[in-house]
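Peer 1:
2 protein chains.
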Amino acid sequence: MSVRANEANSPATSLRERKKAKTRALLIEVSQRLFAERGYDGTTLDDICDEVEITPQTLLRYFESKAHLALAPARDPQDRLVDLLEDPEREAGVGGDTIELWRRFLEREGDAVDTPTGLTTTYLQNLRAFRRWTDRDPVLIAASSDLERALRDALAAALAADRGAPTDDLHSMLIAALLVAGRGAVWDRWLDRPPEGGSLTGDLLSVVDYAVERLPRSSARRLLRLVE
Amino acid sequence: MSVRANEANSPATSLRERKKAKTRALLIEVSQRLFAERGYDGTTLDDICDEVEITPQTLLRYFESKAHLALAPARDPQDRLVDLLEDPEREAGVGGDTIELWRRFLEREGDAVDTPTGLTTTYLQNLRAFRRWTDRDPVLIAASSDLERALRDALAAALAADRGAPTDDLHSMLIAALLVAGRGAVWDRWLDRPPEGGSLTGDLLSVVDYAVERLPRSSARRLLRLVE
DNA sequence: GCTCATTCGTCAGTCGTTCACATATTCTTT
DNA sequence: AAAGAATATGTGAACGACTGACGAATGAGC
């Protein structure tokens with residue numbers, strides 16, 4: 094998973110790769126704008142390809158499907174987290190802990206909403222629109238459910254590694270499911286109702302606390318790598 | 094949700110309804126056979142409709158999509174559980190408890206595999222094949238993820254009702270997520286590896302125990318409606 | 001500069017799904 | 001029993017996402 098990682102870094106990019114990265118970025122940019130303007134269903138691949146001046150077949154060489162293109166902005170930061178989680182060099186030092194990485198991921202997510210920018214309102218509107226489409230279009234549902242599964246699996250594997258358990262450790266899988274489900278639930282509520290005071294980041298993090306608190310104390314200790 | 098409930102019961106079925114039920118059942122039967130023979134992708138709607146002697150457009154009036162048709166055998170028993178959970182008459186007496194209903198649902202699921210029948214092997218092979226397709230086809234992913242979401246939401250609402258909490262109670266939602274995720278994880282393992290001794294039912298139920306044990310004791314008491 | 005692999009465009013096609021409209025079948029009412 | 005309402009089904013056409021085969025262009029390496 095998580096194929097792409099070089100954008101600003103890796104200076105020795107060939108011309109070919111630079112062109113590819115450029116079209117890829119352009120595709121995301123144009124599609125996001127068109128989706129916002131005309132809706133997901135209201136935007137055909139042809140519409141997007143007309144502007145980028147490529148054919149739909151070429152677009153599908155960049156993105157697995159229209160849905161994957163639409164979810165690219167959400168997938169990219171998630172891939173970064175997954176890369177971190179899967180990094181074999183990762184040591185359980187300060188900040189290397191899985192739950193800690195998860196917390197920081199949620200902080201970034203939440204801050205994008207909490208810190209008031211000129212674009213924050215648009216950002217939220219986009220998210221709400223997307224959720225509406227994601228409730229309707231099957232391929233979009235599939236792609237985002239795939240996204241969630243990848244996240245859950247990576248979390249589970251990382252948690253299992255932390256505990257020295259086998260990769261498919263059931264306990265770790267359940268904790269991961271709880272963490273991901275909690276994130277989803279908080280986001281859902283936040284998108285449904287106006288903020289009413291609190292911060293999204295705070296809510297997201299408090300659900301992590303909630304989940305961790307409810308683990309058996311000994312396991313929680315190990316998970317958080319608290320020293321005795 | 095969960096529209097259909099009358100099959101053997103409700104004696105005063107009109108001719109119209111009987112015919113509908115018949116074609117519906119025939120569609121499921123034929124499609125399941127063809128899927129098993131030629132695979133999901135290898136079976137077109139036309140193939141199915143030729144045998145049942147209707148048009149694809151008519152088929153899509155019975156089932157929302159090809160994927161929904163394929164998942165009908167899984168959806169029907171689940172709908173029965175959801176009906177029970179949503180029943181406003183349900184009282185928290187013996188067997189009325191949400192967790193108890195969930196346990197019985199899992200028992201039925203598990204017994205279909207545990208009790209050795211001539212068809213058990215075929216049944217398991219079908220499930221494995223289905224899981225392979227469900228990993229590939231987007232619409233199938235979407236439909237089964239929708240199925241899981243419906244189950245989780247119904248469980249969450251029922252748990253919330255048990256606790257006298259608002260319908261969208263976060264705690265209940267998380268417990269429901271844990272229960273459903275646990276079920277999925279156990280099934281996955283069971284389908285990956287041969288049984289090796291234990292019973293599927295036992296494994297499914299032990300994950301419920303696991304989840305319930307890890308709730309705060311007071312909440313668990315209330316959830317299980319244990320009398321002081 | 002030449003070869004080679006990769007990448008892209010074109011063309012044609014499949015399949016699921018939707019829509020509008022006409023037809024047939026069942027239910028209801030008199 | 002027959003007329004009329006309601007509902008189910010068939011027909012024909014179309015859309016759009018996606019796939020495959022094939023040839024042309026383009027950048028990479030010698």
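Chains A and B supply the protein sequences, listed in that same order.
So for the first sequence, this note's numbering puts the first residue at 94; every next one is plus one.
So for the second sequence, this note's numbering puts the first residue at 94; every next one is plus one.
For glycine and all other residues, C-beta sits at the position ideal for the given N, C-alpha and C.
For leucine 244 of chain B, go through chain A and note every residue whose CB falls closer than 9 Å to its CB, in chain order.
Peer 2: The sequence position of residue 244 of chain B within the second sequence is 151, counting from 1. Correct list: empty, because the minimum Cβ distance to chain A is about 13 Å.
Peer 1: Pull out every residue of the stretch 163 to 193 of chain A whose Cβ sits closer than 8 Å to any Cβ of chain B, in chain order.
Peer 2: Going along the stretch 163 to 193 of chain A in chain order, one finds no residue with a Cβ nearer than 8 Å to chain B.
Peer 1: What are the uninterrupted segments assigned as beta strand (DSSP E) that are 3 or more residues long and contained completely in the stretch 127 to 215 of chain A, given in chain order?
Peer 2: Within the stretch 127 to 215 of chain A, no complete beta strand (DSSP E) run reaches 3 residues.
Peer 1: So, under 8 Å CB-CB, alanine 243 of chain A and leucine 272 of chain A are touching, yes? Tell me the CB distance rounded to an integer number of Å.
Peer 2: Sequence index remark: in the first sequence, residue 243 of chain A carries index 150 (1-based). Sequence index remark: in the first sequence, residue 272 of chain A carries index 179 (1-based). Not really, about 14 Å apart at Cβ, beyond 8 Å.
Peer 1: Just to confirm the assignment, what range does the alpha helix (DSSP H) spanning serine 292 of chain B have?
Peer 2: Residue numbering aside, residue 292 of chain B sits at position 199 when the second sequence is read from its first letter. Premise fails: serine 292 of chain B is in no alpha helix (DSSP H) and is neither H nor E.
Peer 1: Less than 9 Å between the C-beta atoms of serine 265 of chain B and proline 231 of chain A, yes or no?
Peer 2: Within the second sequence, residue 265 of chain B is the residue found at index 172, counting from 1. Within the first sequence, residue 231 of chain A is the residue found at index 138, counting from 1. Going by C-beta atoms, serine 265 of chain B is not nearer than 9 Å to proline 231 of chain A.
Peer 1: Anything in chain B within Cβ reach of leucine 271 of chain A, meaning under 7 Å, just list it in chain order.
Peer 2: Taking the first residue of the first sequence as 1, we reach residue 271 of chain A at position 178. Those are Leu267, Ala270, Leu271, listed as they occur along chain B.
Peer 1: Alpha carbon to alpha carbon, what distance is there between glycine 277 of chain B and alanine 235 of chain B?
Peer 2: Against the second sequence, residue 235 of chain B aligns to sequence position 142. Against the second sequence, residue 277 of chain B aligns to sequence position 184. Roughly 16 Å separates the two Cα atoms.
Peer 1: With a 10 Å radius around its C-beta and 16 neighbouring C-beta atoms as the bar for buried, classify arginine 286 of chain B as buried or exposed.
Peer 2: Reading the second sequence from its first residue, position 193 is the one you call residue 286 of chain B. By the 10 Å Cβ count, arginine 286 of chain B comes out exposed.
Peer 1: Helix, strand or coil: which one does DSSP assign to alanine 81 of chain A?
Peer 2: Lying before the first or after the last residue shown, residue 81 of chain A is absent from chain A, which here runs from 94 to 321.
Peer 1: Between arginine 197 of chain A and the rest of its own chain, which residues show a CB-CB distance below 7 Å, the 5 nearest in sequence each way excluded?
Peer 2: Locating residue 197 of chain A in the first sequence gives position 104, where the first residue counts as 1. Excluding sequence neighbours, arginine 197 of chain A sits near nothing in its chain.
Peer 1: Should the stretch 148 to 162 of chain A be called in touch with the stretch 119 to 137 of chain A, which here means at least 3 C-beta pairs below 8 Å?
Peer 2: Contact between the stretch 148 to 162 of chain A and the stretch 119 to 137 of chain A is present, because at least three Cβ pairs lie under 8 Å.
Peer 1: Am I right that alanine 39 of chain B and glutamate 179 of chain B are in contact with their C-beta atoms under 8 Å? What's the rounded C-beta distance?
Peer 2: Given a span of 94 to 321 for chain B in the structure shown, any question on residue 39 of chain B remains unanswerable.
Peer 1: Quick one: what's got a C-beta closer than 7 Å to glycine 290 of chain B's C-beta in the same chain, skipping five residues either side?
Peer 2: Locating residue 290 of chain B in the second sequence gives position 197, where the first residue counts as 1. Here the set comprises nothing.
Peer 1: Taking CB distances under 9 Å as the criterion, tell me whether leucine 284 of chain A reaches chain B.
Peer 2: Locating residue 284 of chain A in the first sequence gives position 191, where the first residue counts as 1. Leucine 284 of chain A does not count as touching chain B.
Peer 1: Where leucine 177 of chain B and threonine 260 of chain B are concerned, what is the direct C-alpha to C-alpha distance, given to the nearest angstrom?
Peer 2: For the purposes of this step, residue 177 of chain B is taken as the residue at position 84 of the second sequence. For the purposes of this step, residue 260 of chain B is taken as the residue at position 167 of the second sequence. Spanning the two alpha carbons is a distance of roughly 16 Å.
Peer 1: Would you mind reading off the limits of the alpha helix (DSSP H) that contains arginine 286 of chain B?
Peer 2: Counting from 1 along the second sequence, the entry for residue 286 of chain B is found at position 193. Unbroken run through arginine 286 of chain B: none, as it is neither H nor E.
Peer 1: Pick helix, strand or coil for threonine 227 of chain A, following the three-state DSSP scheme.
Peer 2: The sequence position of residue 227 of chain A within the first sequence is 134, counting from 1. Helix at threonine 227 of chain A.
Peer 1: Is there a C-beta anywhere in chain A that falls below 9 Å from the one on valine 123 of chain B?
Peer 2: Along the second sequence, one-based indexing puts residue 123 of chain B at 30. So, not an interface residue.
Peer 1: Taking serine 299 of chain B and glycine 203 of chain B to be in contact with their CB atoms under 8 Å, please state how far apart those CB atoms are, rounded to whole angstroms.
Peer 2: As a first step, residue 299 of chain B is located in the second sequence; it is residue number 206 there, counting from the start. As a first step, residue 203 of chain B is located in the second sequence; it is residue number 110 there, counting from the start. Not really, about 11 Å apart at Cβ, beyond 8 Å.
Peer 1: On a Cα-Cα basis, can you pick out the residue from A:Ser107, A:Asn219, A:Gly257, A:Leu119 that is closest to threonine 191 of chain A?
Peer 2: Position 98 of the first sequence holds residue 191 of chain A. Minimum Cα distance to threonine 191 of chain A is reached at A:Gly257.
Peer 1: Under 8 Å, with one C-beta from each stretch per pair, do the stretch 164 to 177 of chain B and the stretch 135 to 145 of chain B reach the 3-pair mark?
Peer 2: These segments do not touch.
Peer 1: Any residues in the stretch 131 to 147 of chain B with a beta carbon nearer than 7 Å to a beta carbon of chain A? Which ones, in chain order?
Peer 2: Those would be none; no residue qualifies.
Peer 1: Is it true that the CB of valine 301 of chain A sits closer than 9 Å to the CB of alanine 263 of chain B?
Peer 2: The sequence position of residue 263 of chain B within the second sequence is 170, counting from 1. The sequence position of residue 301 of chain A within the first sequence is 208, counting from 1. Per the sequence presented here, residue 263 of chain B reads as leucine, with alanine not at that position. For leucine 263 of chain B and valine 301 of chain A, no; Cβs fall outside 9 Å.
Peer 1: Cα separation between threonine 208 of chain B and tryptophan 195 of chain B?
Peer 2: Taking the second sequence and counting its residues from 1, the one referred to as residue 208 of chain B is at position 115. Taking the second sequence and counting its residues from 1, the one referred to as residue 195 of chain B is at position 102. Rounded to whole angstroms, threonine 208 of chain B to tryptophan 195 of chain B spans 20 Å at the Cα level.
Peer 1: Nearest to asparagine 219 of chain A by alpha carbon, out of A:Glu193, A:Ile268, A:Pro166?
Peer 2: As a working mapping, residue 219 of chain A is identified with position 126 in the first sequence. For the residues A:Glu193, A:Ile268, A:Pro166, the minimum Cα distance to asparagine 219 of chain A belongs to A:Pro166.
Peer 1: Consult DSSP for serine 124 of chain A and reduce its assignment to one of helix, strand or coil.
Peer 2: Indexing the first sequence from 1 puts residue 124 of chain A at position 31. Residue state, collapsed to three classes: helix.
Peer 1: Check the Cβ-Cβ distances between proline 259 of chain B and every residue of chain A, and say whether any is below 9 Å.
Peer 2: Here residue 259 of chain B refers to the residue found at position 166 when the second sequence is read from its first residue. By this cut-off, proline 259 of chain B is not an interface position.
Peer 1: Helix, strand or coil: how does DSSP classify serine 107 of chain B here?
Peer 2: Translated into positions along the second sequence, residue 107 of chain B becomes position 14. Coil.
Peer 1: Can you list the residues of chain A that leucine 263 of chain B reaches, using a CB-CB cut of under 9 Å?
Peer 2: Within the second sequence, residue 263 of chain B is the residue found at index 170, counting from 1. By Cβ distance, chain A contributes Gly275, Ala278, Val279, Arg282, Val300, Tyr303.
Peer 1: Excluding the five sequence neighbours on either side, which residues of its own chain have a C-beta within less than 7 Å of the C-beta of serine 237 of chain B, listed in chain order?
Peer 2: Counted from its first residue, the second sequence places residue 237 of chain B at position 144. Around serine 237 of chain B: Leu164, Thr227.
Peer 1: Return no unless some Cβ of chain B is closer than 9 Å to the Cβ of arginine 111 of chain A.
Peer 2: Numbered from its first residue, the first sequence carries residue 111 of chain A at position 18. Closer than 9 Å: no.
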